[in-house]
Amino acid sequence: GIQVEQSPPDLILQEGANSTLRCNFSDSVNNLQWFHQNPWGQLINLFYIPSGTKQNGRLSATTVATERYSLLYISSSQTTDSGVYFCAVYNNQGGKLIFGQGTELSVKP
Amino acid sequence: DVKVTQSSRYLVKRTGEKVFLECVQDMDHENMFWYRQDPGLGLRLIYFSYDVKMKEKGDIPEGYSVSREKKERFSLILESASTNQTSMYLCASSKWGEQYFGPGTRLTVT
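Residue numbers (our numbering), protein chains in the order written: chain R, 153 to 261; chain C, 42 to 151.
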């Protein structure tokens, strides 16, 4: 099956710094989502992005499907950005999401 | 906005009890999913449903069953709870692709 790898596994930032999180996937996919899991455990949708670039405030994402990777950019990080960021892909056999292991981000004041 | 709700945020049950976890979505989505999340193992799909009264096994269905009698509601049933089912349970729904998650239920089986 499809493998999804995220890097780095952990990241510590000072407030105000920028960061890039990476998601590699091993096969062609129909689509891709980025989530933020908050400290209470809820998965918050960030981007639904099959290809190209999308922006939402301080966050943006780029997916290059032909090269099987996606990037999540966080600019001017805030302490509320802390949590785990997941990348998940849809395989070509239907709507099943396959999750990466996540990047745990900690933003220090 | 899509809203997915789950019946409990925290639940404590005893070994052998029958446990029901309820999930409701208000966006008329056809597809609904149940996942569990465990440290070191990530999110794993238990069951999903593409329509009322329809169910499909996910990656780890053993020890679970599901029910979908109405489009908006998808229930996860632990027939006889065991300690290895202590976990975070997440429900999701989707129409064409993008999945939306509920707040999760932290279940502890003692």
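We put the beta carbon where it would ideally sit given N, CA and C, even for glycine.
Here the structure is a predicted model, which is why all the values come from computation and not from measurement.
Asked	Found
Between the CA atoms of L131(C) and T214(R) - distance to the nearest angstrom	27 Å
Three-way DSSP call (helix, strand, coil) for E71(C) in this model	coil
From T232(R), F177(R), S178(R) and V241(R), residue whose alpha carbon lies closest to that of S258(R)	T232(R)
7 Å Cβ shell around W137(C) - same chain, five flanking residues per side excluded	none
Proximal residues of chain C, C-beta to C-beta of L249(R) below 7 Å	Q140
Other residues of its chain near K98(C): CB distance less than 7 Å, five sequence neighbours each side excluded	Y88
Stretch pair the stretch 155-171 of chain R + the stretch 92-109 of chain C: three plus CB contacts closer than 8 Å	no
C-beta contact flag for A122(C) and V150(C) at 8 Å	yes
Chain-ordered residues of the stretch 86-108 of chain C with a beta carbon less than 7 Å from chain R	L86
Selection of the stretch 170-193 of chain R by Cβ proximity to chain C, strictly under 8 Å	N182, N183, Q185, F187, W192 and G193
Opening and closing residue of the beta strand (DSSP E) in which G235(R) lies	G235 to Y242
Residues that P144(C) contacts on chain R, provided the C-beta gap is smaller than 8 Å	W192, G193 and Q194
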